[in-house]
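So the sequences go chain by chain: D and E. Numbers 1 to 182, taken from our numbering, label the letters of the first sequence in order. Numbers 1001 to 1204, taken from our numbering, label the letters of the second sequence in order.
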Amino acid sequence: MYRTQDEVSLLRASLNGEVEAWGEIVTRYRDAVFGLCLGFLRNRADAEDIAHDAFIRAYANLRRYKIERKFSTWVFTIAANLCRNRLRYRRNHPVVEWETDLEGSVDPARAVAREDRHKKVRESLTQLPYAYRAPLVLRFYNDLSYHEIAEVLAIPEGTVKTRIHRGKAMLREMLEEERDVT
Amino acid sequence: MNVDALENVLREALREEVEVSSESLSGFEQRVVAEIEGRRPRVGVLDTLRLAVAPTHAGRVGQLAVVAVTAAAFLVVGLWVGDRTPTAPAAVGEIATLRAAAAPESLEGSGPGKPEGLVFIVPALQAESVSVVGSFNEWEPTKLTDEDGDGIWTATIPLPPGRYEYAFIIDGRWWGQDPLADEYVRSFGEFSSVRYVVGGGDGV
Chain D
1 MYRTQDEVSL
11 LRASLNGEVE
21 AWGEIVTRYR
31 DAVFGLCLGF
41 LRNRADAEDI
51 AHDAFIRAYA
61 NLRRYKIERK
71 FSTWVFTIAA
81 NLCRNRLRYR
91 RNHPVVEWET
101 DLEGSVDPAR
111 AVAREDRHKK
121 VRESLTQLPY
131 AYRAPLVLRF
141 YNDLSYHEIA
151 EVLAIPEGTV
161 KTRIHRGKAM
171 LREMLEEERD
181 VT
Chain E
1001 MNVDALENVL
1011 REALREEVEV
1021 SSESLSGFEQ
1031 RVVAEIEGRR
1041 PRVGVLDTLR
1051 LAVAPTHAGR
1061 VGQLAVVAVT
1071 AAAFLVVGLW
1081 VGDRTPTAPA
1091 AVGEIATLRA
1101 AAAPESLEGS
1111 GPGKPEGLVF
1121 IVPALQAESV
1131 SVVGSFNEWE
1141 PTKLTDEDGD
1151 GIWTATIPLP
1161 PGRYEYAFII
1171 DGRWWGQDPL
1181 ADEYVRSFGE
1191 FSSVRYVVGG
1201 GDGV
């Protein structure tokens, strides 16, 4: 039933306590929010945890959402803030093993077919400082504009542009260094 | 690798790692909905109307300006009192002043033997919610309260002696530079405040 409804109707229904409508919103934004969290945190378990929390908090605060604002940007902002808090927590409570290799659950045929450079890019991204990694993820995974990234991360648009430019340069350097070594 | 190639590989690599996680995400929506069902927030017709009328951001800008001006005023008062009490550290003088202004009853029973901790005081006249996140609560929000509605939000958190990093979340926005902080640090692209809890009855 909710499949055919537009986003505003779903949000209004959610505000009226129709949790199933919120379930449809979650379905629509699940991958985008989870991908943001995974890109920021570089840890699948933490990303799932924070994505879940982001949707719970967004629902709990839905009455504060302003309809003239893009919903995706609003929910991304909540997720980004939660990620940042988790990273602060992880600084003092590091996990035993960071999941830099995310291919564990993939079937072998698919893993073989995957291009090696994708894996290297992900590993390099993990090593990038958060300040550069976050804008890159929002730009190239979530397809946000510079203006939207600035809004989500609460930093000036000029800083976003600088960090994306510098982040890409750092990534390229890392990949070239690795290529020279191998 | 040229710029376009790098952007494409980055885009594909990020999408791929979400794809391979799709198995563990099955039932994600149901888990979210189940948790919400377990603790439904109070929402209703008024909230729906509020969403429908779509208020502007102008009010929020004004609110932040009031917060900033009030915070500056509190800082000046705190420093003035701190200067007049040379035997006490400035931060303690500021806290005592603000505590007296915000919640006089909280001073009762203070002194040696009382557990150490931090008193958080935030002047935020039009805020709907104020929380503090920090190294003492695993960066999970602890709500400040404004029971008398005077716009001064407070929280008292007993803590053992140590160094604590924190920031306030005022209506969802990060506010990392508390005028009462001992120092500030910059991490993850923004400021956080730092306060020290010392032993010997200087606490809450």
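Here a beta-carbon is modelled for each residue, glycine too, at the ideal position from N, C-alpha and C.
_alpha helix (DSSP H) segment containing G23 of chain D, residue limits_ = Per DSSP, G23 of chain D belongs to the alpha helix (DSSP H) from V19 to L41.
Can N1137 of chain E be considered in contact with the ligand PLP, in the sense that its beta carbon sits closer than 7 Å to one or more heavy atoms? The ligand PLP is absent from the structure shown, which contains no ligand whatsoever.
| query | What do you reckon, are the CB atoms on V1197 of chain E and G1162 of chain E nearer than 8 Å? | reply | Yes.
Determine the contact status of R63 of chain D and L15 of chain D, defining contact as a CB-CB distance below 8 Å. In this structure, the beta-carbon distance from R63 of chain D to L15 of chain D falls below 8 Å.
Self-check item: Run of the beta strand (DSSP E) containing W1153 of chain E, from where it starts to where it stops
Solution: Where W1153 of chain E is concerned, the enclosing beta strand (DSSP E) stretches over I1152 to P1158.
Using only alpha-carbon positions, find the residue among E:N1002, E:D1004, E:A1013 and E:P1123 that is nearest to Y141 of chain D. For the residues E:N1002, E:D1004, E:A1013 and E:P1123, the minimum Cα distance to Y141 of chain D belongs to E:A1013.
- Message: For the segment 1144-1166 of chain E, list every residue whose C-beta sits within 9 Å of some C-beta in chain D, in sequence order.
- Response: Of all residues in the segment 1144-1166 of chain E, E1165 have a Cβ within less than 9 Å of some Cβ in chain D.
- Task: Report the three-state DSSP secondary structure of Y141 of chain D (helix, strand or coil).
- Result: Coil.
- Query: Do you know whose CA, among D:G17, D:K168 and D:F34, lies nearest A131 of chain D's CA?
  - Reply: Out of D:G17, D:K168 and D:F34, D:K168 has the C-alpha closest to the C-alpha of A131 of chain D.
I'd like to know whether the C-beta of S1193 of chain E is nearer than 8 Å to at least one C-beta of chain D.
Closer than 8 Å: no.
When burial is assigned at 16 or more other CB atoms within 10 Å of the CB, is S145 of chain D buried or exposed? A residue is called buried when at least 16 other Cβ atoms come within 10 angstroms of its Cβ; S145 of chain D does not meet this threshold and is exposed.
Exercise for review: Decide if R91 of chain D is buried, meaning its Cβ has at least 16 other Cβ atoms within 10 Å, or exposed.
Suggested key: When all chains shown are included, R91 of chain D counts as exposed.
>> For G1172 of chain E and T1154 of chain E, I'd like the C-alpha separation in whole angstroms.
In response: Whole-angstrom Cα-Cα distance: 17 Å.
message = Short of 8 Å in beta carbon distance, which residues of its chain neighbour T162 of chain D, apart from the five on each side in sequence? Order them along the chain.
response = Excluding sequence neighbours, T162 of chain D sits near nothing in its chain.
> chain E beta carbons: is any one of them nearer than 8 Å to that of G158 of chain D?
Replying inline: Cβ-Cβ to chain E under 8 Å: no for G158 of chain D.
Taking just the CA atoms, how far does L41 of chain D sit from V970 of chain E? Outside the shown range of chain E (1001 to 1204) lies residue 970 of chain E, about which nothing can therefore be said.
- Query: Does DSSP put E1035 of chain E in a helix, a strand or coil?
  - Reply: If DSSP states are grouped into helix, strand and coil, E1035 of chain E belongs with the helices.
**Request:** Can you tell me which of the three DSSP states P1141 of chain E falls into?
**Result:** Three-state result, P1141 of chain E: coil.
How is the alpha helix (DSSP H) around S1193 of chain E delimited, first residue to last?
-> From DSSP, S1193 of chain E is part of no alpha helix (DSSP H) but of the beta strand (DSSP E) over E1190 to V1197.
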